[in-house]
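Colleague: Going down the list, the protein sequences come from chains A and B.
Under the numbering used here, think of the first position of the first sequence as 1, with each following residue one higher.
Under the numbering used here, think of the first position of the second sequence as 1, with each following residue one higher.
A virtual CB, placed ideally from N, CA and C, is assigned to each residue, including glycine.
After the C-alpha cells below, expect a handful of questions from me.
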Amino acid sequence: MFKKKHNRKIFPLLYLFLFILLTTFSVTPAFAHKVTIFAWVEGDTIYTQSKFSGGKKAKGSLVTVFDTEGNRLLGGKTDEKGEYSFKIPKKTGLKIVLKASMGHMAEWKIPVEEIVAVQASQNKTPEAGVISNTASPSNLAPISDSTSLQREEIRRLIDESLDKKLSPIISMLAKLQDQDPGISEVMGGIGYIFGLVGVALYFTNRRKKL
Amino acid sequence: MHISEGVLSPAILIGGAVVTMAGVAIGLKGVDNKNIPKMGILSAAFFVASLVHVPAGPASVHLILNGLLGLILGWKAFPAILVALGLQALLFQFGGITTLGINTMNMALPAVICYCLFGWSTKSSIKQTVFITAAFCAGFCAVLVSSILVGFSLYLTGEAFLPAAKLIVAAHLPVMIIEGIVTAACILFLKKVRPEILMNS
Chain A
1 MFKKKHNRKI FPLLYLFLFI LLTTFSVTPA FAHKVTIFAW VEGDTIYTQS
51 KFSGGKKAKG SLVTVFDTEG NRLLGGKTDE KGEYSFKIPK KTGLKIVLKA
101 SMGHMAEWKI PVEEIVAVQA SQNKTPEAGV ISNTASPSNL APISDSTSLQ
151 REEIRRLIDE SLDKKLSPII SMLAKLQDQD PGISEVMGGI GYIFGLVGVA
201 LYFTNRRKKL
Chain B
1 MHISEGVLSP AILIGGAVVT MAGVAIGLKG VDNKNIPKMG ILSAAFFVAS
51 LVHVPAGPAS VHLILNGLLG LILGWKAFPA ILVALGLQAL LFQFGGITTL
101 GINTMNMALP AVICYCLFGW STKSSIKQTV FITAAFCAGF CAVLVSSILV
151 GFSLYLTGEA FLPAAKLIVA AHLPVMIIEG IVTAACILFL KKVRPEILMN
201 S
C-alpha cells in the first residue's frame with residue numbers, strides 16, 4: 001500500500017524530467033559548453049582555430065604560447081573567426097593555451113618533431129639557392145647543381161601542394177575535436193544516476209530493517 | 001559556467017571542495033527512501049539541462065535549473081548537483097575532476113540560498129500570483145548568484161572582478177529569465193498535480 005502511494009508521488013517528477021529530456025533533443029541539437037583549440041603547422045607559421053563546442057567561434061580570446069619548459073614565448077588574441085596565427089618563435093615543442101571568457105580553457109600541444117621537420121626543409125631552400133648562384137658562373141659542375149636545385153624546388157612545390165591538399169583534412173580534424181555529447185553519453189549518465197538511486201535505496205532500506 | 005581545469009589556483013580549488021563536502025554532508029543527513037528518488041530524478045534533470053543551449057554573448061550558455069533543485073530539495077541539492085556535475089565532467093568533459101568541488105559550490109550554494117529565501121512560498125497556501133513570482137525569482141536569482149560566484153572565483157585567481165562578473169552576468173541574463181519561467185512553470189505544475197512533493201523537503 002505504502003509502496004504504491006510512494007510510486008504515484010514520484011510520477012509527476014518523472015513526467016517533468018521526460019519533458020525536459022524531450023525538449024533537449026527536439027529544440028536544439030545537443031549543444032555543449034566547452035572550448036577547444038586546434039593548431040597546425042603550415043610552412044613557418046602556426047595556425048590556430050578556437051571555438052566553443054556547438055560551433056560558436058571564440059572571438060577575442062587570449063592565446064598564449066609556451067615552450068616545453070613552461071616559459072611564455074608569445075601571446076595574442078583571436079580574431080573575428082576565432083583564428084590566431086604566429087611565426088614559429090623557436091625550435092621547441094610548443095604548448096598553446098587558450099583562455100576564453102568565464103573560466104574556459106583549452107590547450108594544444110605541437111611536438112618538436114613537427115616543427116623541426118618543417119623548418120629543416122625551409123632552411124635548405126635558400127642555402128641551395130646560394131650555392132647554385134655562386135657555382136653557376138664557373139660552370140664547374142652544372143649538372144649536379146641543377147639537379148640539387150631541382151630537388152629543392154620539387155620539395156618546396158610538394159610541400160606547398162601538400163599544405164593545400166591537406167587543409168580540408170585539417171579542418172575536418174578540427175571539427176572532430178569538439179564532438180558534442182551524443183545520445184549514448186546522455187543516456188549513460190542518466191543510467192548512472194538511476195543506478196545510484198537504486199544503490200542508495202538499497203542501503204536505506206537495509207538500514208531500516210536492521 | 002563550468003570552470004575548466006587549470007584556470008583556478010589550488011587554494012581556491014581546495015576551498016571549493018571543502019565547502020562542497022560540508023554541503024553534501026548536510027544534504028545527506030536525514031535522507032530517507034522518500035527523498036532518494038526525488039533527488040535522483042532532479043539530478044538527472046540537472047545533468048541533461050546543461051545541454052539545452054541558449055546562444056548569448058561571447059560565450060555559449062545553457063540552462064542550469066539550480067533554482068528548481070534548490071526549491072524542491074533544499075540542502076539535498078548539494079549531493080544531487082555533485083553527482084550530475086561529476087558525470088558531466090566524466091562523460092562530456094565539461095569542467096573537470098579537479099574543479100568539481102568549486103563548480104558544485106558555485107551551482108549548489110545559490111540553490112540553497114534560494115531555498116532559504118523563497119522556500120516558504122512552496123509550502124504555504126498563499127495566493128497564486130505571489131507563489132508564481134516567488135518561483136520565478138528563485139530561478140532567476142539562483143543563476144544570478146551562480147554567475148557572481150563564478151566571477152568571484154575567477155577574481156580570486158587574478159582576473160579583474162568587475163569586468164569578469166559583469167560579462168558573466170550579462171551573458172546569463174537571458175538564461176536567468178528563461179530559468180525563472182521554467183522554474184515557475186515546473187513548480188506550478190507540481191503544486192497542482194502533486195503538492196506533497198514540495199511539502200516534505
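Looking at chain B, is there any beta carbon in it that lies within less than 8 angstroms of the beta carbon of A:VAL197?
Modeller: At least one chain B Cβ lies under 8 angstroms of A:VAL197.
Colleague: Using three-state DSSP, classify A:ILE170 as helix, strand or coil.
Modeller: DSSP places A:ILE170 in helix when its eight states are reduced to three.
Colleague: Establish whether the CB of A:ILE193 and some CB of chain B are separated by less than 8 angstroms.
Modeller: Output row for A:ILE193: interface = yes.
Colleague: Which class does B:GLY6 belong to by DSSP, given the choice of helix, strand or coil?
Modeller: Here B:GLY6 sits in coil by DSSP.
Colleague: Quick one: is B:LEU91 near chain A, going by C-beta distance under 8 angstroms?
Modeller: Closer than 8 angstroms to some Cβ of chain A, the Cβ of B:LEU91 qualifies, so yes.
Colleague: Going along the chain, which unbroken runs of the alpha helix (DSSP H) with 4 or more residues stay wholly within the segment 96-173 of chain B?
Modeller: The qualifying runs are 100-123 and 128-156.
Colleague: In chain B, which residues lie less than 9 angstroms from A:VAL63 when you measure between Cβ atoms?
Modeller: Correct list: empty, because the minimum Cβ distance to chain B is about 15 angstroms.
Colleague: Assign A:ILE169 to buried or exposed, taking buried as 16 or more other Cβ atoms, counted over all protein chains shown, within 10 Å of its Cβ.
Modeller: Exposed, by the Cβ-count rule.
Colleague: Can you tell me whether DSSP reads A:LYS59 as helix, strand or coil?
Modeller: Three-state result, A:LYS59: coil.
Colleague: Smallest Cα separation from B:HIS2: which of A:GLY182, A:MET105 and A:GLU160?
Modeller: Selected option, being the one with the closest Cα: A:MET105.
Colleague: Exposed or buried, what is B:PHE46 when buried is set at 16 or more other beta-carbons lying within 10 Å of its beta-carbon?
Modeller: Label assigned to B:PHE46: buried.
Colleague: In whole angstroms, give me the CA-to-CA distance for B:ALA49 and B:GLY74.
Modeller: The alpha-carbon atoms of B:ALA49 and B:GLY74 are separated by roughly 19 angstroms.
Colleague: Is there at least one Cβ from chain B nearer than 8 angstroms to A:ASN71's Cβ?
Modeller: No, no contact with chain B.
Colleague: Assess, as a yes-or-no matter, whether the segment 57-69 of chain A is touched by the segment 88-103 of chain A under the definition of 3 or more beta carbon pairs within less than 8 angstroms.
Modeller: Verdict: yes, contact present.
Colleague: For chain B, find out if any of its Cβ atoms is closer than 8 angstroms to the Cβ of A:MET187; answer yes or no.
Modeller: No, its Cβ sits nowhere closer than 8 angstroms to a Cβ of chain B.
Colleague: Closest Cβ-Cβ distance between B:VAL7 and chain A: below 8 angstroms?
Modeller: Yes, its Cβ sits closer than 8 angstroms to a Cβ of chain A.
Colleague: Comparing alpha-carbon positions, which option in B:MET105, B:LEU90, B:GLN93 and B:THR99 lies nearest B:PRO79?
Modeller: Answer by Cα proximity: B:MET105.
Colleague: Just mark B:SER4 as buried or exposed, buried being the case when its beta carbon has 16 or more other beta carbons within 10 Å.
Modeller: The residue in question, B:SER4, is buried, as its Cβ has 16 or more Cβ neighbours within 10 Å.
Colleague: Bridge partners for A:MET105 per DSSP, in chain order?
Modeller: DSSP, once it has assigned bridges, lists A:LYS99 as partnering A:MET105.
Colleague: Report the rounded CA-to-CA distance for B:LEU8 versus A:GLN150, giving the unit in angstroms.
Modeller: If I take the Cα positions, the gap works out to 54 angstroms.
Colleague: Which chain B residues sit within Cβ distance under 7 angstroms of A:ALA200?
Modeller: Those are ILE36, listed as they occur along chain B.
Colleague: Taking just the CA atoms, how far does B:LEU71 sit from A:LEU176?
Modeller: Distance between the alpha carbons of A:LEU176 and B:LEU71 is about 39 angstroms.
Colleague: Nearest to B:ALA135 by alpha carbon, out of B:ALA89, B:ASN66, B:LEU82 and B:GLN93?
Modeller: Among B:ALA89, B:ASN66, B:LEU82 and B:GLN93, the Cα nearest to that of B:ALA135 is on B:ASN66.
Colleague: Since A:VAL41 and A:GLU152 should fall inside the 8 angstroms C-beta cutoff, what is the C-beta to C-beta distance between them, to a whole number of angstroms?
Modeller: 20 angstroms between Cβ atoms; not a contact.
Colleague: Decide if the segment 172-188 of chain B is in contact with the segment 131-151 of chain B; the criterion is three or more beta carbon pairs, one per stretch, under 8 angstroms apart.
Modeller: Contact between the segment 172-188 of chain B and the segment 131-151 of chain B is present, because at least three Cβ pairs lie under 8 angstroms.
Colleague: So, helix, strand or coil for A:PHE38, using DSSP?
Modeller: DSSP places A:PHE38 in strand when its eight states are reduced to three.
Colleague: Shorter than 8 angstroms from the beta carbon of B:GLY40 to some beta carbon of chain A?
Modeller: Cβ-Cβ to chain A under 8 angstroms: yes for B:GLY40.
Colleague: For a cutoff of 8 angstroms on Cβ pairs, would you count A:LYS34 as touching chain B?
Modeller: So, interface residue.
Colleague: Taking only three categories from DSSP, how would you classify B:THR183?
Modeller: Looking at B:THR183 - three-state DSSP - the assignment turns out to be helix.
Colleague: In this structure, does DSSP put B:PHE46 in helix, strand or coil?
Modeller: Of the three classes helix, strand and coil, the one that applies to B:PHE46 here is helix, per DSSP.
Colleague: How many whole angstroms separate the CB atoms of B:GLY27 and B:ALA84, which I take to be in contact at a CB cut-off of 8 angstroms?
Modeller: Their Cβ separation, rounded to whole angstroms, is 13 angstroms, which puts B:GLY27 and B:ALA84 out of contact at 8 angstroms.
Colleague: List the endpoints of the continuous alpha helix (DSSP H) containing B:GLN88.
Modeller: Unbroken alpha helix (DSSP H) run through B:GLN88: 77-92.
Colleague: Could you give the DSSP three-state label for B:ARG194: helix, strand or coil?
Modeller: B:ARG194 falls in the coil class under three-state DSSP.
Colleague: Comparing C-alpha positions only, which one of A:ALA58, A:THR204 and A:LYS91 sits nearest to A:LYS77?
Modeller: For A:LYS77, the nearest C-alpha among the options comes from A:ALA58.
Colleague: Work out the CA separation of A:LYS90 and B:LEU109 for me, nearest whole Å.
Modeller: Answer to the nearest angstrom: the Cα atoms are 47 angstroms apart.
Colleague: Does A:LEU94 come within less than 8 angstroms of chain B when only Cβ atoms are used?
Modeller: So, not an interface residue.
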